[in-house]
Every structure is written in C-alpha cells, then in structure tokens.
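S.K.: Residue numbers for the sequence shown follow our numbering, so the first one is 2 and each next one is one higher.
Even for Gly, the Cβ is constructed at its ideal location relative to N, Cα and C.
Take a look at the following structure, please.
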Amino acid sequence: MADWLTRFPEELHLNIQAPIDNGINYMVENWGGFFDGLSNGLRAILRAVQDIIDFVPWWALVIIVFAATLLTTKKWPRAVLYSILLVSIGLIGLWDELYDTLALVITSVFISLAIGFPLGVLISFSDRANKIVRPILDTMQTMPSFVYLIPAV
C-alpha cells in the first residue's frame, strides 16, 4: 500500500515542542526563586506529616484501618479484608513506601482543603467570583481527567 495512504502527512505536523520548551525554560529562569520557595515549603509540610506518621507503629495502623472500616461500613468481613491487605503490603516489603504515600495523600488533602474551602466560601458569597470560576470548574468537570493530567514535556 502507498505511503501517502497509511502515513500521516509530515507537512501537516505541528511542531509545538519548541514553544512549550521555551515557555518552561522562561518560567524556570524567571520564576525559579518562586518555584524553589514553593517547593521548599511543600517539602517542609510533607516532612512534618511524615514525622507524625512515622510515630505510628505498623500494628497500630492496621488496628486503625480495621476500626475505621468497621465504624464506617459496619461490615467486619470488609474490615478484616482491608487489614489483611494492609499487612500484605508489609509482607512484600513496601511498608516504607506505604508510609511515604500516606504522608503525600494526607498532605495533599490538607492543602486542597486549605485552598478549596476558602475559595468555595468566596465563590458562594460573590457573584463576580462565581461568574469567573464557574466556566473553569464546568470545563474541568466535563473534560476527561487524562487530558488535563498530561505533563508538559
């Protein structure tokens, strides 16, 4: 079969890599101090959460998960299953990674609440803020998640 039938024409190829790279380089060069400060602040928060989580022994976390599951679902087989699955993470040698991930998730939730709650209150009381943010939120809600999670390379 002819190449022109099976291959996308190179004449129609849009080279967007260079402008994206230039934009990222511009931000790194001109806003590097801001990003460094932001990164250091987030790292400090994450380290503090990790230090708190490191005080929790492995068996206490298993009991906490069991109790929380039992209290929220009222189904003890599910609580036993979650506890067994949690112990299995330790059995395959990924307990430290579990604690790192848990610290990251907890930190992310608190940061999201710290930003989202005041922003939500502002939007609920201000028609102007609501008119600005509503189209952005509608777009984010209808757009498939993989589209806006693609990292810029």
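According to DSSP, simplified to helix, strand and coil, what is F111?
M.R.: Position 110 of the sequence shown, counted from the start, is the residue given in the question as residue 111. Looking at F111 - three-state DSSP - the assignment turns out to be helix.
S.K.: Short check: CB of Y83 to CB of T102, under 9 Å?
M.R.: What you label residue 83 is simply residue 82 of the sequence shown in a count that begins at 1. What you label residue 102 is simply residue 101 of the sequence shown in a count that begins at 1. Taking 9 Å as the Cβ cut-off, Y83 and T102 do not qualify as a contacting pair.
S.K.: So for M144, helix, strand or coil by DSSP?
M.R.: Your numbering for residue 144 matches position 143 in the sequence shown. Residue state, collapsed to three classes: coil.
S.K.: Alpha carbon to alpha carbon, how far is P136 from L114?
M.R.: Locating residue 136 in the sequence shown gives position 135, counting from the first residue. Locating residue 114 in the sequence shown gives position 113, counting from the first residue. Going by the C-alpha atoms only, they are around 21 Å apart.
S.K.: Could you tell me which of L92, A45 and T74 sits nearest to W60, measuring between CA atoms?
M.R.: Your numbering for residue 60 matches position 59 in the sequence shown. Comparing Cα-Cα distances from W60 to each of L92, A45 and T74, the minimum goes to L92.
S.K.: Is S125 helix, strand or coil when you go by DSSP?
M.R.: Position 124 of the sequence shown, counted from the start, is the residue given in the question as residue 125. Of the three classes helix, strand and coil, the one that applies to S125 here is helix, per DSSP.
S.K.: Taking L105 as the reference, give the member of A45, V63 and M141 with the closest Cα.
M.R.: On the sequence shown, residue 105 is found 104 positions in, with the first residue counted as 1. When only C-alpha atoms are compared, the closest one is A45.
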